[in-house]
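Just remember that the numbering used here sits 5 ahead of the position in the sequence shown, which is counted from 1.
For each residue, glycine too, the CB sits at the ideal point set by N, CA and C.
Single-structure report; data block below.
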Amino acid sequence: FAFDDAFAAISTSIGFEAYTEGGNEPSCLYERADFALYFAKQNHRGRAVAFSEEHERRMKGAALVEQCLRRADLDAEMSLEYQPLHDAETGAIVSFEALARWNSPDLGRVSPAEFVPVAERSDIIYPLSRTLLRKALAAASQWPEDVQLSFNLSARDLMSPAALTQIIAIAASGPIAPSRIDFEITETALVTDFERARKAVLALKSIGASVSLDDFGTGYSSLNYVHRLPLDRIKIDGGFVREMDSNPLARDVVRTMISMARNLNFDCVIEGVETAEQLALLRTFGCTMAQGYLFSRPLAADQVAPFIAARRDIGLPLERKIA
């Protein structure tokens, strides 16, 4: 609906648990409904989701992950891998995105898909983000100065003034120039409190960092948000790319999003590029940057320098450089 000079699109996600006579206590019912709501927001926006046995299993697993996270030595147990972003035309390395990894003494290697949402639902995300940023900055200090670091900020980092102040302080005083840092944010913060999110983006840019909107097209994206933010890049979710081979409509969607980004003077990164054919098609659409297994899987910190050196030493077409 129209509101002043803007357009607001509203959707509702519902999570619920059915009460039965002699069933669970109210606190348990609330916890289960809340978990179902979280699942609805993550996977079924605009729908009502009932708490199920699968949710019960996931909730117990999440509780165990949270217990282990709370007693974890974050500095010792957390590490990062780095996936490159390439110039779509020349193949030059533009940036490396830092991806969190956790090797728990109790649980073994835990997928980011499991522990990051748990951290974001609790206050653990704040020390976790600070720890990972320090590690990422230290790693990036070993790279050539024309290669950026892309670092993911959670919505809670962005929306907490205290947490954001600490993030900015770490970035501003770190071993690389803030202009080499690209902070990736998601749309969650934008719909929570757009004005606060806008001010947070401005604060990040005030130290010289750039800001990207990640997973564009998967959530609440609209021009109402995007054109009002001082962004540098948008990253189009790889799910659209995977559909391009068989779905002409997906190709049209990707072409339109790339065109929109160019018209708004944003760089456009396409995620999930896996084949040379996909890359060739994206080039015809005007894609400026690409990321995906076509170029490289995520690399351990000590693999980044050899990867950079190999690409710079081999003067071959981009497709020939890819192992």
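Could you give the residue range of the beta strand (DSSP E) that holds residue i?
i    : result
A81  : Element bounds for A81: not the beta strand (DSSP E) but the alpha helix (DSSP H), L79 to E82.
E102 : I98 to S109
R114 : G113 to V115
A205 : That residue, A205, is in no beta strand (DSSP E); its alpha helix (DSSP H) goes F199 to S211.
N157 : Q153 to N157
S4   : One cannot answer for residue 4 here, as it falls past the ends of the chain, which runs 6 to 328.
A353 : Only positions 6 to 328 of the chain appear in the structure, and residue 353 is not among them; the question remains open.
D187 : I186 to I190
In its own chain, which residues sit with a C-beta less than 7 Å from the C-beta of residue i, not counting the 5 before and 5 after it?
i    : result
R201 : M164
K210 : V216 and P235
M249 : A255, R256, V259, Q283 and L286
F245 : G222, A255, V258 and V259
C292 : A93, I263, C273 and I275
S301 : Q88, P89 and F312
T136 : L79, D80 and M83
Compute the beta-carbon to beta-carbon distance between residue i and residue j, rounded to the nearest angstrom, for a pair I have assumed lies under 8 Å.
i    : j    : result
P166 : I212 : Not a contact, Cβ separation roughly 15 Å.
D242 : F221 : 7 Å
F188 : A214 : 6 Å
I181 : A208 : Incorrect: roughly 19 Å between the Cβ atoms, too far for contact.
A124 : L133 : 5 Å
I190 : D237 : About 11 Å separates the two Cβ atoms, so there is no contact after all.
S127 : E71  : 6 Å
Compare the Cα-Cα distances from residue i to each of the options and report the closest residue.
i    : options                   : result
A285 : K65, A214 and T95         : T95
D151 : I186, A315 and A160       : I186
P122 : V278, F199, A105 and L112 : A105
V99  : R52, V54, Q153 and P132   : Q153
K204 : G179, R233 and S178       : R233
G297 : D92, A77 and A55          : D92
A67  : E119, E22, I19 and A53    : E119
A306 : A141, I175 and A266       : A141
I172 : V206, V196 and P253       : V206
V196 : Y230, A266 and G277       : Y230
M265 : A97, R114, F290 and Y131  : F290
D162 : A310, I129 and N268       : I129
Taking only three categories from DSSP, how would you classify residue i?
i    : result
G244 : helix
L90  : strand
E22  : coil
S32  : helix
L278 : The displayed chain sequence assigns Val, not Leu, to residue 278. DSSP places V278 in coil when its eight states are reduced to three.
F120 : helix
E150 : coil
A295 : strand
I313 : helix
L195 : helix
R76  : coil
N272 : Per the sequence shown, the amino acid found at residue 272 is Asp instead of Asn. Looking at D272 - three-state DSSP - the assignment turns out to be strand.
L85  : strand
R302 : coil
R233 : coil
R126 : coil
Need the endpoints of the alpha helix (DSSP H) that residue i sits in, please.
i    : result
E282 : A281 to T289
I172 : P166 to A177
I130 : I130 to A145
I263 : P253 to N268
Here's a check: name, in chain order, each residue in its chain whose Cβ is nearer than 8 Å to the Cβ of residue i, leaving out the five neighbours to either side.
i    : result
E82  : W107, N108, S109 and P110
A177 : P183 and I212
Leaving out five residues on either side along the sequence, give the residues of the same chain with a beta carbon under 6 Å from the beta carbon of residue i.
i    : result
P303 : E86, Q88 and L104
A315 : none
S84  : R106
E279 : G297, Y298 and L299
R37  : E22 and F56
L112 : C73
E102 : Q88 and S155
T193 : A160
L42  : G20
P117 : A105
L323 : Note that L323 scores 41 on pLDDT, short of 50, meaning its location in the model is unreliable; the coordinates nonetheless yield the value given after this. So the qualifying residues of the chain are G96.
L158 : F188 and I190
A328 : Note that A328 scores 37 on pLDDT, short of 50, meaning its location in the model is unreliable and no value can be drawn from it.
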